[in-house]
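Following: one structure in structure tokens, then a few remarks.
There are 2 protein chains.
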Amino acid sequence: MPVIRGVLEAALYADDLDAARRFYSGVLGLEEIAAQEGRHVFFRAGAAVLLIFRPEASRRPPEPDALPVPPHGAEGAGHACLSVAEKDLASLAEHLRAHGIEIESDFHWPHGPRSIYVRDPAGNSVEFASPSLWGLSE
Amino acid sequence: MPVIRGVLEAALYADDLDAARRFYSGVLGLEEIAAQEGRHVFFRAGAAVLLIFRPEASRRPPEPDALPVPPHGAEGAGHACLSVAEKDLASLAEHLRAHGIEIESDFHWPHGPRSIYVRDPAGNSVEFASPSLWGLSE
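Protein chains in written order, with numbering that gives the first Met the number 0: chain B, 0 to 137; chain E, 0 to 137.
What follows is the structure, given as structure tokens:
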């Protein structure tokens, strides 16, 4: 069986890439590591990468002279969970509130770990939780 | 700024969860760690979790007596990249072919790292690449 070590990239979709920038970089502090005007903006999220695509553009097949990157593109609210140490979740919630980001849900799962959920500007459900949610080490 | 350490969960959508199981567990060997009949099936992918949701179900708001997990659900091809060590990509490609999985794209980026792309049974674009693709350590 192939040895799969983790999730290297999660993708979400947004029509407004500048609004995505204001949220992921401006509010969450993720470093922007790549962008293509009107098509995508990518952010480093610790040991992985969060990709934000404009589906209208990412759905187009690659140009004949470009690398054969397969098209994709979804509509509707997606979901991703960003990894935050359990001890940092309280200050994260405070940080989000200080930036006027509404917290949609904030609760502890029956086995203890906490999850905090907000919406990004495109309406995607963005969760913050620690690896302990899944019995993984931080 | 909040300390975001990685992507803990990536989500893709599929109408047929059993077909998703056959691919992610049967072909890729990911361990199924949670499931709710007709709504979702979750797989451990190394240090992270890959979530597969049926959008028709995950889009429904939570029941009043359930945990307030926010609804989401997208239509159309999504994308995720699973982390595989650069040295394991050749045997992964062989493994996929041996299981009759068509490789849609397989190329090296200008800076060297290789990406392999397939479609999951729902048509999502699933990539395999090493963290070196993003200058991250393996």
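Even glycine gets a Cβ: it sits at the ideal position worked out from N, Cα and C. Keep in mind it's a predicted model, so treat the numbers as computed, not measured.
_Please determine whether the Cβ atom of Y116(E) lies at a distance below 8 Å from any heavy atom of the ligand MN._
Among the ligands in the structure shown, none appear at all, so the ligand MN cannot be discussed.
*Members of the segment 122 to 136 of chain B near chain E, C-beta cut-off 9 Å*: Going along the segment 122 to 136 of chain B in chain order, one finds G122, N123, S124, E126, F127, A128, S129, P130, L132, W133, G134, L135 and S136 with a Cβ nearer than 9 Å to chain E.
*Using a Cβ-Cβ distance under 9 Å, would G79(E) count as near chain B?*
Reading the sequence as shown, one finds Ala at residue 79(E) and not Gly. Yes, contact with chain B.
*Could you check what DSSP says for A79(E) in three-state terms: helix, strand or coil?*
If DSSP states are grouped into helix, strand and coil, A79(E) belongs with the strands.
*Closer than 9 Å to chain B by CB, P1(E)*: Chain B, which has a Cβ nearer than 9 Å to the Cβ of P1(E), makes this yes.
*Chain-ordered neighbours of F22(E) on chain B, where CB pairs are closer than 8 Å*: Within chain B, no residue comes near F22(E); the closest Cβ sits about 12 Å away, beyond 8 Å.
*Can the beta-carbon of S24(B) be found less than 9 Å from the beta-carbon of F42(B)?*
The Cβ atoms of S24(B) and F42(B) sit closer than 9 Å to each other.
*Just the chain B side, please: which residues come within less than 9 Å of L27(E) by C-beta, in chain order?*
Chain-order list of chain B residues neighbouring L27(E): M0, P1 and I3, by C-beta distance under 9 Å.
*Can you give the beta carbon distance from V125(E) to I102(E), rounded, assuming they're within the 8 Å contact cut?*
With a Cβ gap of about 11 Å, V125(E) and I102(E) do not count as contacting.
*Measure how close the beta-carbons of L11(B) and N123(B) come, nearest whole angstrom, since I'm counting them as under 8 Å.*
Going by Cβ atoms, the distance from L11(B) to N123(B) rounds to 5 Å, so yes, they are a contact pair.
*When DSSP labels each residue in this structure, what does L66(B) get in the three-state scheme?*
L66(B) carries a coil assignment under DSSP once its states are collapsed to helix, strand and coil.
*Please say whether L95(E) and V26(E) have beta carbons closer to each other than 9 Å?*
Taking 9 Å as the Cβ cut-off, V26(E) and L95(E) qualify as a contacting pair.
*For the segment 89 to 106 of chain B, enumerate the residues whose C-beta is nearer than 9 Å to any C-beta of chain E, in chain order.*
Those residues of the segment 89 to 106 of chain B that come within reach of chain E (Cβ to Cβ, closer than 9 Å) are S90, L91, H94, L95, E103, S104, D105 and F106.
*Flag this pair as yes or no: are the beta carbons of V48(E) and L7(B) separated by less than 9 Å?*
Going by C-beta atoms, V48(E) is not nearer than 9 Å to L7(B).
*Can you find at least 3 beta carbon pairs, one from the segment 12 to 22 of chain B and one from the segment 71 to 91 of chain B, that sit closer than 8 Å?*
Yes, since at least three Cβ pairs between the segment 12 to 22 of chain B and the segment 71 to 91 of chain B fall closer than 8 Å, the two stretches touch.
_Interface positions of the segment 59 to 86 of chain B facing chain E (Cβ-Cβ less than 8 Å), listed along the chain_ = Of all residues in the segment 59 to 86 of chain B, L66, P67, V68, P69, P70, H71, G72, A73, E74, G75, A76, G77, H78, A79, C80, L81, S82, V83 and A84 have a Cβ within less than 8 Å of some Cβ in chain E.
*What residue range is occupied by the uninterrupted alpha helix (DSSP H) comprising S129(B)?*
Looking at the DSSP string, S129(B) is not in any alpha helix (DSSP H), and its letter there is neither H nor E.
*Whole angstroms is fine: what's the gap from A18(E)'s alpha carbon to S104(E)'s?*
Whole-angstrom Cα-Cα distance: 22 Å.
*Can P54(E) and A73(E) be called in contact, C-beta distance under 9 Å?*
In this structure, A73(E) lies closer than 9 Å to P54(E) by Cβ.
*asked:* Between G45(B) and chain E, is the shortest Cβ-Cβ distance under 9 Å, so that the two count as touching?
replied: It does; some Cβ of chain E falls within 9 Å.
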